[in-house]
Each structure stands twice: as structure tokens, then as C-alpha cells.
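Written out below as C-alpha cells is the structure these notes cover.
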């Protein structure tokens, strides 16, 4: 019910980035849990958010901007924190800072773990995708 309620709030405002509701939930103080098993496998680097080209990047970027705008309207303390961060960012945008953080975090994770494929039952994954698992 909670996910349905958050999704209903973005209808007509956020078109492609439906998963931005999780940012809203975090901003609203709803804890996000971690289940150490794969439920749905999403391959990094193959979706529209990473391989869709400029048109998709713009669409998803617009949806993210709308989500962050909504959060800032509802949570003045987060808006103030963003303004504080940007005031010392030497002309960089929030998107610049986010991209650097994601890149650094991903590289650190790969350096520590060797792969983002963790706790995967490869037989089950192959059965689900009807193809052999290839580790890169």
C-alpha cells in the first residue's frame, strides 16, 4: 500500500523514473531495508539510464529533478543542506557532485569485492534469463 501511495503521488509528474519514489521515502524518514538475496536482477550498464543515449538521459534527468524539487518543497532542512553543499562546491552543480559520488562509490565497491555480482545462485539466474551467466 505504501509503494502504491507514493507512486500515485507522482502520476502525471514523473514519467520514466518511477523508482525515484524510494528517494522520497528516504526523505520522509521511511527506512529502506536490505534483503541479502536476489529477487530481481538488474544488470548495471544495460538499461536506458546508462545506455539509452542523450534523449533518455534528459528524460530521466527531468524526472529526477522533479523528484528532488518535490523533496525540497516538503523538507526545508534538506533544501538548506543542499544549498550549503553547493556554496562550497566551487561552481559545480549538484548533478556533478552526484555523478562523482556514484562513480567513486562504484569503483570502491568493485575494488573491494571484485564484482557487483554477489550472493547469486548462478543456476537460478541462468534459468530466469534463459542464458549463461557471464562474469565481467
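Numbering (this note's numbering), first residue to last: 545 to 680. In this text, a Cβ means the ideal position worked out from N, Cα and C, and glycines have one as well. Because the structure is a prediction, the values reported are computed rather than measured.
What does a CB cutoff of less than 8 Å around residue i pick up in its chain, not counting 5 residues either side in sequence?
i, result
"residue 666", "677"
"residue 551", "562, 565"
"residue 546", "569, 574"
Give the DSSP-derived three-state secondary structure of residue i in the structure shown.
i, result
"residue 634", "coil"
"residue 645", "helix"
"residue 673", "helix"
"residue 560", "coil"
"residue 574", "coil"
"residue 640", "helix"
"residue 667", "helix"
"residue 545", "coil"
State the CB to CB distance for the pair residue i and residue j, rounded to an integer number of angstroms; the pair is presumed to be in contact (CB under 8 Å).
i, j, result
"residue 549", "residue 615", "16 Å between Cβ atoms; not a contact."
"residue 607", "residue 559", "6 Å"
"residue 626", "residue 638", "6 Å"
"residue 633", "residue 622", "At roughly 16 Å, the Cβ-Cβ gap does not stay under 8 Å, so residue 633 and residue 622 are not in contact."
For residue i, which residues from the same chain have a beta carbon less than 6 Å from its beta carbon, with the 5 sequence-adjacent residues on both sides left out?
i, result
"residue 618", "none"
"residue 603", "560"
"residue 593", "604"
"residue 657", "none"
Using a Cβ-Cβ cutoff of less than 7 Å, which residues in the same chain neighbour residue i once the five nearest sequence positions on both sides are dropped?
i, result
"residue 567", "611, 615"
"residue 624", "none"
"residue 595", "589"
Of all the alpha helix (DSSP H) runs that stay within the bounds of the segment 583-632, which reach a length of 4 or more residues? 592-595, 597-618, 620-631
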